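Colleague: This structure is in structure tokens; I'll ask about it shortly.
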Amino acid sequence: MKDYYKISEVSKLYGIGVDSLRYYEKLGILKPHRDSNRYRLYRLKDMYKLNMIKDLRNLDFSMKQIKEYLQNQSIQTTLELLNQEEDLLNARLLELQSKKALIAQRVCALNKALNAETGVITVKSIPKRLCVQINEHITRDEEMDFVMKKLHRKYEGKIKDLGSQTVGAFLSMEDIQRGISNVYSSVFFVLEEDTVGHDFSLSEGEYLSYYYQGNYEKNGELVQGLLDFAQNQGFQILGTPFELYVIDNRDTAKEKEFLTEIQIRVSAPKSFKKIRYSLPSM
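Per our numbering, the sequence shown starts with residue 3, numbered consecutively.
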């Protein structure tokens with residue numbers, strides 16, 4: 003067996019890029035020998051360091067930490083390092099378990115959404131919901147995506163990933179009254195826990211609910227239809243209509259698969275029976 007190996011051989015054997023090996027040399031972690039042609043030659047007895055570097059880098063140890071460890075390697079420093087590794091692995095396990103729970107939650111939500119009944123009006127009793135919000139006048143779907151990201155960026159790392167968020171938007175009543183659909187005044191996220199300080203809350207109470215599929219081109223007409231229904235049934239309107247995006251472009255590229263819920267907070271008359279009503283087709 004050879005005592006020295008060229009940089010290309012070491013790179014291939016350990017799956018470490020040539021540039022990385024040169025970087026380790028620059029840091030003083032590895033000190034290859036130079037032959038008469040000034041080519042780098044790595045000693046066999048230094049190879050163990052590469053195994054350690056790979057393992058520690060996989061655990062996100064910095065090169066500074068790795069260098070300090072290799073320069074002061076002993077039973078004591080190894081025990082300290084192993085304890086750090088265990089802590090890091092435990093933290094990763096918690097992170098993975100959290101991600102797994104979010105995935106399971108999203109799968110459950112999508113399966114439930116697939117069974118949602120569309121095209122009918124119901125009345126729901128809903129508890130108080132805490133929300134964070136960004137006020138923007140939105141007239142295009144592309145703007146909605148941008149504003150959603152802008153709001154998420156503000157709380158990134160403190161709330162769930164954007165793909166798992168319950169996202170809603172308040173419709174612009176001024177535009178609806180002018181017969182214009184798909185225009186919004188703000189976007190909001192419904193928080194599971196108030197970990198970031200909420201901007202407003204959706205009050206506990208009764209809400210008219212209506213699910214529809216497809217794009218948002220006629221949502222203004224649908225909202226107006228719900229408002230007319232509420233007036234005819236003797237409801238008192240207590241809040242601005244808003245949408246919740248149950249299935250959108252975070253889940254599918256097919257607009258026909260989009261599922262949106264319109265909600266309007268109301269006070270129902272005592273005589274009202276909580277049954278399903280159809281909204282006239284638009």
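Just so you know, even glycine gets a beta-carbon here, dropped at the ideal spot from N, CA and C. These numbers come from a predicted model, not from an experiment.
1. When you compare each of Ser76, Tyr26 and Asp37 to Lys56 by their alpha carbons, which one comes out closest?
2. Looking only at DSSP bridge pairs, what is Thr168 linked to?
3. So, for Ile31: in the same chain, excluding its five sequence neighbours on each side, which residues have a beta-carbon less than 8 angstroms away from its beta-carbon?
4. To the nearest angstrom, how far is the alpha carbon of Asp89 from that of Leu96?
5. Should the segment 148-167 be regarded as contacting the segment 213-227, the criterion being three or more beta carbon pairs within less than 8 angstroms?
6. Give the secondary structure of Lys126 by DSSP, where H, G and I count as helix, E and B as strand, and everything else as coil.
7. Where does Phe148 fall in DSSP's three states?
8. Once DSSP output is grouped into helix, strand and coil, what is the label at Leu84?
9. What is the rounded straight-line gap between the Cα of Ser269 and the Cα of Glu208?
10. Ignoring anything shorter than 4 residues or poking outside the segment 28-72, list the alpha helix (DSSP H) runs there in chain order.
11. For Tyr7 and Lys28, I'd like the C-alpha separation in whole angstroms.
12. Taking 6 angstroms as the limit between beta carbons, can you name the residues of its chain near Ser187, skipping five residues before and five after?
13. Say whether the segment 187-202 touches the segment 142-155, bearing in mind that this needs 3 or more beta-carbon pairs closer than 8 angstroms, one atom from each stretch.
14. Please report the residue range of the alpha helix (DSSP H) in which Leu240 lies.
15. Got a sec? Which residues, its chain only, sit under 6 angstroms from Thr141 by beta carbon, not counting five neighbours each side?
16. Which residues bound the beta strand (DSSP E) around Ile136?
17. Using beta carbons (cut-off 8 angstroms, strictly below), is Asp201 in contact with chain B?
18. What is the DSSP secondary structure of Met284, counted as helix, strand or coil?
19. As a quick exercise: from Leu240, Ile249, Gln235 and Gln78, pick the residue whose alpha carbon is nearest that of Ser273.
20. Would Gly170 and Glu245 be called neighbours here (beta carbons separated by less than 8 angstroms)?
21. Could you check if Arg267 is buried or exposed, using at least 16 other CB atoms within 10 Å of its CB as the buried criterion?
22. Please list, in chain order, all residues of the same chain as Tyr213 whose beta carbon is under 6 angstroms from its beta carbon, the five residues on each side excluded.
23. Can you give me the C-alpha to C-alpha distance between Met284 and Val225, rounded to a whole angstrom?
24. Excluding the 5 residues preceding and the 5 following Lys33 in the sequence, name in chain order all residues of the same chain whose CB lies nearer than 8 angstroms to its CB.
25. With DSSP as the reference, please indicate the residues paired to Ile289 in a beta bridge.
26. I need the DSSP call for Gly19, collapsed to helix, strand or coil.
Modeller: Reading from the atomic positions:
1. Ranking the options by Cα distance to Lys56, first place goes to Tyr26.
2. Under DSSP, Thr168 forms a beta bridge with Val192.
3. Correct list, in chain order: Lys51, Ile55, Met65, Ile68, Lys69 and Leu72.
4. Taking the Cα positions, Asp89 is about 11 angstroms away from Leu96.
5. Because the criterion of three Cβ pairs below 8 angstroms is not met, the segment 148-167 and the segment 213-227 do not touch.
6. It is a strand residue.
7. Three-state DSSP puts Phe148 in a helix.
8. Leu84: helix per DSSP, three-state reduction.
9. Taking C-alpha positions only, Ser269 is separated from Glu208 by approximately 6 angstroms.
10. For the segment 28-72, whole alpha helix (DSSP H) runs of length 4 or above, ordered along the chain, are 49-60.
11. So the alpha carbons of these two residues sit roughly 18 angstroms apart.
12. Apart from sequence neighbours up to five positions away, the residues of its chain that approach Ser187 with a beta-carbon distance below 6 angstroms are Phe172 and Ser174, ordered along the chain.
13. The segment 142-155 and the segment 187-202 touch, with three or more beta-carbon pairs separated by less than 8 angstroms.
14. Looking at the DSSP string, Leu240 is not in any alpha helix (DSSP H), and its letter there is neither H nor E.
15. By the criterion of a C-beta distance shorter than 6 angstroms, Thr141 is surrounded in its chain by Val185, once the five residues flanking it on both sides are discounted.
16. Under the DSSP assignment, Ile136 falls in the beta strand (DSSP E) whose first and last residues are Arg131 to Ile140.
17. The displayed structure is made up of one protein chain only, and chain B is not part of it.
18. With a pLDDT of only 47 at Met284, under 50, the local geometry of the prediction cannot be trusted, and no value is derived from it.
19. Across the set Leu240, Ile249, Gln235 and Gln78, the C-alpha of Gln235 shows the shortest separation from the C-alpha of Ser273.
20. Taking 8 angstroms as the cut-off, the Cβ atoms of Gly170 and Glu245 count as close.
21. Looking at its Cβ environment, which holds 16 or more other Cβ atoms inside 10 Å, Arg267 is buried.
22. Excluding residues within five positions, the ones whose Cβ falls inside 6 angstroms are Ala118, Thr120 and Glu263.
23. In this prediction, Met284 scores a pLDDT of 47, lower than 50, which makes its location untrustworthy; no coordinate-derived value is stated.
24. Closer than 8 angstroms at Cβ, skipping near neighbours: Glu27 and Asp48.
25. Residue coverage of the chain in this structure runs from 3 to 284, which leaves residue 289 outside it and unanswerable.
26. If DSSP states are grouped into helix, strand and coil, Gly19 belongs with coil.
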